[in-house]
Each structure stands twice: as structure tokens, then as C-alpha cells.
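S.K.:
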Amino acid sequence: MHRDFLRTHRGLRGYLARALGRLGPTWSASPERRLVQSVCLFIFMALFFWVCWPYGTREYAKTFAAREIVNGELFLILDPLVSVSAAVAARMFVWSLAVAAGVILVGVLLPRAFCGYVCPLGTLIDVFDWLLGKAGRPSAFGQRGWWSGVRYYLLAVVLIAAGSGVLLSGFVAAIPVLTRAMLFVAAPFQMGLAKGWYLVPPANVGHVISIALLMLVFCLGLLGRRFWCNHLCPTGALLSVCALLRLTERRVTRACVECGRCVKVCSFAAINDDFATRPLSCTSCRTCAGVCPTKAIEFPWRRKRENGGANDGRVEDQTIRSRRNVLAGLGGAVVAGLGASLAAGGACTSAEAPIRPPGSVPEDKFLQLCVRCGQCIKVCPNNVLQPAGLEYGFNGLWTPEVVPDWSGCEPSCNNCGQVCPTGAVRALDIEEKRVARIGLAEVDWITCLPHAGREACQLCVDECRMAGYNAIEFVRVGGRVDEMGEPLEDSGYLAPVVRQDRCVGCGLCQMRCRGINVKSRRLLQRSAIRVFAGAGKEDRIVSGSYRALREGREGLRPEHQGRIDEAGGTDEYLPGFLR
């Protein structure tokens, strides 16, 4: 019985080994690593497609909270470059720095473990590289050359730009690059298939740039395995620098027979042709140990010094050790970083200020903290949040803005602040969010149907009342008077006027007016009530209570109400063409 069990057990192990071997040598050499990668990729996809899918009930905040067993922004806060660069750019503490510190500490114990085990972009690159390997990779580059140190210089550019107040990590850090591109590629398919293609917002130039960037990352695999990770990724460069403090490292014993299998199987160019280790490139994946026929590869504590063979040495990355390379690279990085800072203040082609999500910090801090990951856009129901193109300049690219023509900000939703990894959008409770003013609705008295005397309309008033804001009231315009000059009852139209002390700029009124009077009935060319942001029209605070600001505004008498009272309860205060 015992022998039968052992025979079955060995047969199962042999079958699994052969199955993994068919997938590639790295699967059978390091199945534990591939398992961890698969689990992390599954979690990433589950967070993106399920947790950050806002639909279920109309109580959007409760729906999201019930699903968020794991933070929706988990992988974004695990990317240490995101937190570090945001904190430097904004000159303030970012809450996710604590998680970044944890990732770096793990990286000291297991150098670059995030790159080799956790990063979903790296896992997808592995899949793409595997497909290229099956098709025959036409590689024209080696794994080492002048390009090997570009990632360190790119990291320097990101940090120098952050030091001058411009955040570039969102453009090149691993996780934002992936989440943003998935927002533009995968999210529209999810929305179209699940809810209807008419709900998918139009694309802009930002979509094209982001998708092209991700495709470039994958296509770099034509030049070599993990080319992006090894030579360009600034997140990996940051973790490589932290690996200078590593506690463990790869070592080769005298048992090495120099068969070359480890060199062939290493995806990270961490093994020289003489089988010595390049420790700043090593991700502790242990794949090389799995293929070594003599078990000559170990990963001991760094302090351990045993008598080894000729291959027992370490080869540091000469690209960052050479004084000439360091000086030249830093000089170029300084120029590039300062140039990027100047370019970030490029021309803005929009005459209107962007309407930011509720809870957004002041615009200068917002641009220094927002990593353009698109996570807030993914969790936003009805796509009221959409990524900006180049209309606000290079520094505004991919930042979230409210588009009231498309939809309005749902009163029962506070999801955007819950998933922001850096605090560019504050995490507010639902009551606090409902009083956070993101803009101010303004009625166009020339085109508004009642104000223009064309017909009665109360779409915006009804929408505002259903949302619970009650920020739009009626005044009577165009009324007739009798021979004594007294207004005739029920003459004229009831026209909407916005109460500035109550309006939060949600845009539901604009969305309804455009949907009915512009798109359906074609009575107007654009909505007669529109939301505008800017000084005096929005509340943008780094800390403190929005409710306190609201209570301060409620103490003031609305301007239009004062004019009505002064006019004796009539519309005499209005311009003559509106009476």
C-alpha cells in the first residue's frame, strides 16, 4: 500500500514536471515563483475588473465598500516610486509611503522581489516574451550594453523633476503605465459588454499615447527578454539602488561545471558570461538554481563568506559604478529633469478650468500628487470622470476631470477618493463628499427656455431635487401686469436660478438639460445650465472639513433672494428682456 502511494506520488510529480517543462524551463525550474506571479496577476485583475467595477446597486459607495476586501489601489501603493516621487513633488507626507517603505525593506531581504514575483506588468511581459520565444524572437540587441543603465538615468530624471515640483512617475512607473492602459483598452470592453456600448465615452489623444506606451513596453521584448524591466523601468532602478543594502545574494560554489544553463534561463541579465553575478540586476527568482545540474547556486546571507571557486565573485553594474558614466548620466538627468519641469507648464488650450473630482486638493498640489493611474476613473459610475487630453497642457495629460455633459456626479458615490494612492483626491465619507463643492452651476439666461420666454422647463430643478441638493429654485419671469401695474397670477414662466450656497457642482442638471433639450429634442446647441470651476466656485483644501465650509456659506443670504426681497417679491430685479 505504501509502495503504491509512493509510486502514484512520484508519477504525479513526474507528470507535473513534464507539464511545466512544456511551458518553458522557468516554469519547471522555479514553480513557486510562477505560482506567486500567477496569484498576484489574478489579484490585480480581480481588483481591476470586479472590485473597481462600481455597478451593482445605486448605493455606489456601499457596493464598493462591500467588494473592497483588498484595497483597490493595492498594486499602486506597492510601487515605491509612485509614493516617493509624489511625496517629493508635493513636499508633503503621502500615506502610501509606509507601504513603499515596507516594499523596500522586503527588497533588502530579497533584492528586487517586487520585480520578480509581484509586478503584474512584469508577469505580462513574461507571457509576451514566452509567446515571442515560441514564435522565434528576432533579437538584435544583447542583454548588456550602453542601454543597460538607461533606467538609472530615467529614475534620476523622475526624481529631479519631482524635486522641481513636477510628477513624472505616473508617465513611466510600472503600475500606473499598466492600470492606465488597461483603463483605455480593457475597461471600455467591460462597459460595452456589461452595460452597453453607448455608455463608452469617446477617446482622445491621451488614449492613443497611453496604449502606444504599453505596446512599446511589450514590443521591446523583440530586443531581449524583460527588456523594459532590465533597461528602462525606473521602478526597477529604484529597487536596484535599494539592493545595495541587500542582506542576501546569489553565490556560485566550486561545484559549478560552467554548463551555461543559468545564463540562458536568466531573464534579468543578472549573470555574466563568466557566471559571476550582477547583484543589482538579480531579482532573487532562483530560476538559475532550479536549472543547475550540480546545485552549485545558493542564496545565502550576504555576510556569509565560504571558500568558493573561480566563479564565486560578484560583478557590480559598471554602468553606475563608472565615475565618467555617473557624472555624464547625472548631468543629462539634471538637464532632462529640469527640461521636463519647464515642458510641464506648456500651453493650455482650454479657456475653462478643469472640474476635478470631489475631495481634490488645490490644483498645484493635485498635479504634484496625481500619478495619472486612472483608478478613480475606473471606479466612477456612469463615467462622469474622464481622462484629460492635452487641452490643459502636458502636465494635465491623463488627469481626471468631471464631464457633466456626459453624466453627473452620483450623490451616493465617494469611490474616487477611496482608491487614490497618493491623496490627490481625499478619501471622504459620503456625507462629507456630498457637501464638497467641485464647481458652480450657472444658468445661461439667453438660451434657457423659460428665461428666454420660449416654454416652461424644469428639468434641472427636478434633477437637483431628486439628488437632494435643492440648489435650484424658481423665479417667475415674463409675467404680465394689470392696468394697476400688479403682476397677473400664473402669467409668464417659472425660471431656474442657482443658489450658490447650496450648489456643489455635481453636474446632474447639466447632464439632464443636455440629454433632453440638446440631444433628444434638439432645442438647444448646448446645455443652458453648465458647471464651471475656478476661484470662488470650488472648495479645494488639503485638510479640514467641507461641512464647516458649507455651514459658513449657509450663513450668507443668497444674492438672488436678496434682490427678490428688495423688489417686493417680483421679478423687477431681472433685465427687461427677461421680464
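Under the working numbering, the first residue of the sequence shown carries the number 1, and numbering increases by one thereafter.
Yeah, the Cβ is synthetic: ideal placement off N, Cα and C, and Gly gets one too.
Only a predicted model underlies this, so the values are computations on that prediction, with no experimental measurement involved.
#1: Quick check: what's the CA-CA separation for residue 306 versus residue 293?
#2: Flag this pair as touching only if the segment 195 to 209 and the segment 420 to 440 have three or more C-beta atom pairs under 8 Å; answer yes or no.
#3: Classify residue 558 as helix, strand or coil using the three-state DSSP reduction.
#4: What are the boundary residues of the alpha helix (DSSP H) that includes residue 60?
#5: What are the boundary residues of the alpha helix (DSSP H) that residue 495 is part of?
#6: Assuming residue 81 contacts residue 188 (C-beta within less than 8 Å), just tell me the rounded distance between them.
#7: Kindly confirm or deny that the segment 520 to 538 and the segment 411 to 428 touch, where touching means at least three C-beta pairs closer than 8 Å.
#8: Relative to the alpha-carbon of residue 411, which residue among 508, 66 and 194 has its alpha-carbon at the smallest distance?
#9: Taking DSSP as the reference, what is the three-state secondary structure of residue 360?
#10: Express the C-alpha separation of residue 209 and residue 558 in angstroms, rounding to a whole number.
#11: How many Å lie between residue 358 and residue 224 at the Cα?
#12: Based on the DSSP secondary-structure assignment, which residues constitute the bridge partners of residue 385?
#13: Would you call the segment 234 to 253 in contact with the segment 269 to 287, where contact means no fewer than 3 C-beta pairs closer than 8 Å?
#14: In or out: residue 69 buried (at least 16 other Cβ within 10 Å) or exposed?
#15: Comparing the CB of residue 160 with every heavy atom of the ligand FAD, is any distance shorter than 6 Å?
#16: If I'm right that residue 531 touches residue 510 with Cβ under 8 Å, what's the distance once you round it to whole angstroms?
#17: Shortest alpha-carbon distance to residue 276 belongs to which of 287, 286, 262 and 284?
#18: Do you know offhand how far residue 477's Cα is from residue 456's?
#19: State the CB to CB distance for the pair residue 174 and residue 79, rounded to an integer number of angstroms; the pair is presumed to be in contact (CB under 8 Å).
#20: Could you say which of 75, 381 and 55 lies nearest to residue 67 if we only look at CA atoms?
#21: In terms of alpha-carbon separation, which member of 152, 168, 158 and 197 lies closest to residue 397?
#22: By a C-beta neighbour count over all protein chains shown, 10 Å radius and 16 as the cutoff for buried, is residue 463 buried or exposed?
#23: In terms of residue numbering, what span does the alpha helix (DSSP H) encompassing residue 211 cover?
#24: Alpha carbons only, please: which of 352, 183, 380 and 366 is nearest the one belonging to residue 391?
#25: Between the Cα of residue 362 and the Cα atoms of 384, 437, 407 and 376, which residue gives the shortest distance?
#26: Quick one: what's residue 251 bridged to in DSSP?
#27: If you check the beta carbons only, do residue 472 and residue 460 fall under 7 Å apart?
#28: From which residue to which residue does the alpha helix (DSSP H) around residue 455 run?
M.R.: According to the structure data:
#1: Bear in mind that the predicted position of residue 306 carries a pLDDT of just 48, short of 50, making it unreliable; the figure below should be weighed with that in mind. Rounded to the nearest angstrom, the two C-alpha atoms are 21 Å apart.
#2: Per the Cβ contact rule, the segment 195 to 209 is not in contact with the segment 420 to 440 (fewer than 3 Cβ pairs under 8 Å).
#3: Residue placement at residue 558 is flagged as unreliable, the pLDDT there being 49, under the threshold of 50; a coordinate-derived value is accordingly withheld.
#4: Taken as a continuous stretch (DSSP letters only), the alpha helix (DSSP H) holding residue 60 covers 60 to 67.
#5: No alpha helix (DSSP H) contains residue 495, which is instead part of the beta strand (DSSP E) from 493 to 498.
#6: Contact check for residue 81 and residue 188: beta-carbon distance about 28 Å, past the 8 Å limit, so the pair fails to qualify.
#7: Touching, no, given that fewer than three Cβ pairs across the two stretches are closer than 8 Å.
#8: Comparing Cα-Cα distances from residue 411 to each of 508, 66 and 194, the minimum goes to 508.
#9: If DSSP states are grouped into helix, strand and coil, residue 360 belongs with the strands.
#10: With a pLDDT of 49 at residue 558, under the threshold of 50, the modelled position of that residue is not reliable, and no figure is offered here.
#11: Taking the straight line from one Cα to the other gives about 44 Å.
#12: Note: residue 385 sits in a beta bridge opposite 402.
#13: Contact annotation: the segment 234 to 253 touches the segment 269 to 287, with at least three C-beta pairs closer than 8 Å.
#14: Exposed.
#15: The ligand FAD is not among the ligands present in this structure, which contains no ligands whatsoever.
#16: With 8 Å as the limit, residue 531 and residue 510 qualify as a contact, their Cβ atoms being about 6 Å apart.
#17: Of the listed residues, the one whose Cα sits closest to residue 276 is 262.
#18: One C-alpha to the other measures close to 11 Å.
#19: The pair is a contact, with the Cβ atoms about 6 Å apart (cut-off 8 Å).
#20: The candidate whose alpha carbon is nearest that of residue 67 is 55.
#21: Comparing Cα positions, the closest option is 168.
#22: Buried.
#23: It spans 205 to 219 - the alpha helix (DSSP H) in which residue 211 sits, taken as one unbroken run.
#24: Nearest C-alpha to residue 391: 352.
#25: Distances from the CA of residue 362 to each of 384, 437, 407 and 376 were compared; the closest alpha carbon is that of 437.
#26: Looking at the DSSP assignment, residue 251 forms a beta bridge with 298.
#27: Going by C-beta atoms, residue 472 is nearer than 7 Å to residue 460.
#28: Run containing residue 455: none; DSSP gives neither H nor E here.
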